[in-house]
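Chains as they are written, first to last, in UniProt numbering: chain L, 1 to 276; chain B, 1 to 224. Ideal Cβ placement from N, Cα and C applies to all residues, glycine included. Step one of this worksheet: look at the structure below.
Written out as structure tokens, the structure reads:
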């Protein structure tokens with residue numbers, strides 16, 4: 001997904017002089033071409049994430065369309081007040097693109113993990129959140145975001161589904177609704193084999209657009225970030241699966257952490273079957 | 001001749017409207033003289049050009065205690081004088097910290113300290129990218145505000161890329177631990193002027209220097 005992001009953003013910068021990119025060392029090598037070709041609007045501010053967000057706000061106030069990028073915990077967690085004030089309070093927009101997700105960097109430890117990023121943005125108004133499940137979903141989301149001035153967060157991950165799907169795709173039909181967000185789709189499909197459920201895919205959890213007919217049904221939401229982030233979006237009997245809030249002080253791979261949080265197919269099947 | 005205090009008319013009257021206090025002299029407002037010089041002599045901005053893309057930008061980072069700012073905006077016709085009478089009320093666009101969305105001529109909403117410099121860096125970069133080479137960017141911070149680490153991210157980066165940006169530090173010696181060695185030493189790679197924060201001619205001269213590179217003007221006023 002990171003490669004798709006770099007290629008698409010580099011192309012957008014070539015095509016649209018209104019766009020700008022601000023990075024804070026992360027992915028500096030990947031964006032070497034863009035930095036060389038557009039020194040007037042592609043900036044590496046060094047390891048300064050608060051500044052990166054402030055610069056994004058300032059660029060937007062002059063009429064530009066800034067893209068900001070870093071590891072999720074540095075882009076969102078660290079610069080939360082800048083996101084709140086330098087973008088939201090100024091009524092300015094930007095496209096924030098993160099990598100790392102909840103535990104892509106499992107072996108790097110908790111400092112490099114951001115299970116709470118979407119929940120943090122939920123404390124603020126006006127954010128569209130995209131969680132693509134496959135690299136081929138990334139270019140379209142970025143190109144759409146470049147064309148307006150709103151606040152957009154794109155959460156990229158190393159974990160992805162075997163293929164791309166359109167937002168809102170229904171993969172199977174049955175009684176209970178299971179909403180799979182982004183890269184949770186493949187594990188959800190495997191976990192619900194033979195179960196009487198509808199599986200609905202979304203790569204755009206904010207704004208929550210699951211229609212109200214479905215919303216009032218019994219529902220399971222499976223999200224690749226903090227469990228319960230979307231709990232307030234559902235009305236009826238519901239189960240919210242995601243990453244636990246307690247820190248897991250182990251390393252390994254994202255697969256190990258997914259298993260520990262019950263987000264692997266076996267863990268999901270256990271939780272969903274019990275709920276049904 | 002060197003003026004050593006803000007004109008009592010109209011600013012004194014306007015300030016009294018805000019504070020409801022006719023006793024305190026304008027000198028109680030640390031930013032007043034710098035703000036007046038900016039809007040009266042330096043900035044290429046008027047009520048008619050608040051939305052022009054190439055207008056000069058002034059960002060008040062030190063957004064608390066905005067009475068002097070509001071008085072200057074009213075004196076220059078950006079906002080009606082009547083707005084000054086009910087500051088902070090439900091029906092007033094003027095809060096105890098300014099909101100750019102509510103007030104014509106206000107470039108950024110501030111209040112939480114340490115945000116204006118980063119926004120100003122982005123503003124200066126955006127103006128340069130669009131070819132507005134005549135447009136200047138100014139940002140005003142307080143000496144205590146510099147305690148916030150976010151300022152130093154912006155200060156270092158602006159120096160590294162030699163950004164066309166002028167920072168005014170109002171120094172009323174309010175930083176709890178002070179700045180050993182002088183505030184200007186916290187701006188390595190910047191050109192520096194120190195002025196009496198009440199001396200209009202000196203302020204103007206300093207603000208007109210070094211338009212194309214990072215420049216810091218430290219305006220010293222009496223301790224509050």
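Q | Whole-angstrom distance between residue 36 of chain B and residue 149 of chain B, CA atom to CA atom | A | 29 angstroms
Q: Given a cut-off of 7 angstroms, decide if residue 123 of chain B and residue 57 of chain B are closer than it, judged by their beta-carbon atoms.
A: yes
Q. How would you call residue 116 of chain L, buried or exposed, if buried means at least 16 neighbouring beta carbons within 10 angstroms?
A. buried
Q: Since I believe residue 84 of chain B is in contact with residue 14 of chain B (beta carbons under 8 angstroms), could you give me their beta-carbon distance rounded to a whole number of angstroms?
A: 6 angstroms
Q | Under 8 angstroms from the C-beta of residue 51 of chain L: neighbouring residues of chain B | A | 118, 121, 150, 153, 154 and 157
Q: From the DSSP output, read off the bridge partner residues of residue 193 of chain B.
A: B/217
**Q.** Interface flag, residue 184 of chain L vs chain B, CB-CB below 7 angstroms
**A.** no
Q: Return the chain-ordered list of same chain residues with a C-beta closer than 6 angstroms to the C-beta of residue 44 of chain L, the five sequence neighbours on each side being excluded.
A: 23 and 28
Q. Listed in chain order, which residues of the segment 96-118 of chain B have Cβ atoms closer than 9 angstroms to some Cβ of chain L?
A. 99, 100, 101, 107, 108, 109, 110, 111, 112, 114, 115, 116, 117 and 118
Q. At a Cβ threshold of 7 angstroms, is residue 62 of chain L touching chain B?
A. yes
Q: Taking C-beta pairs closer than 7 angstroms, name the residues in chain B that residue 40 of chain L reaches, listed in chain order.
A: 128 and 129
Q | Endpoints, alpha helix (DSSP H) assigned at residue 185 of chain L | A | 185-191
Q) Closest to residue 20 of chain L by CA distance: which of L/26, L/3 and L/38 is it? A) L/38
Q) Any C-beta of chain B sitting closer than 7 angstroms to the C-beta of residue 196 of chain L? A) no
Q) What are the complete alpha helix (DSSP H) segments, minimum 4 residues, inside the segment 33-114 of chain B? A) 67-75
Q. Cβ atoms of residue 139 of chain L and residue 182 of chain L: under 7 angstroms apart, would you say?
A. no
Q: Quick one: grab the DSSP three-state call for residue 186 of chain B.
A: helix
Q) Tell me which same chain residues have a C-beta within less than 7 angstroms of the C-beta of residue 110 of chain B, skipping the five on either side of it? A) 60, 61, 63, 97, 98 and 116
(Q) Can you check whether the C-beta of residue 21 of chain L is within less than 7 angstroms of a C-beta belonging to chain B? (A) no
Q | Nearest-angstrom Cα separation, counted from residue 89 of chain L out to residue 40 of chain L | A | 26 angstroms
Q: Give the single residue among L/107, L/73 and L/81 whose Cα lies nearest to the Cα of residue 256 of chain L.
A: L/107
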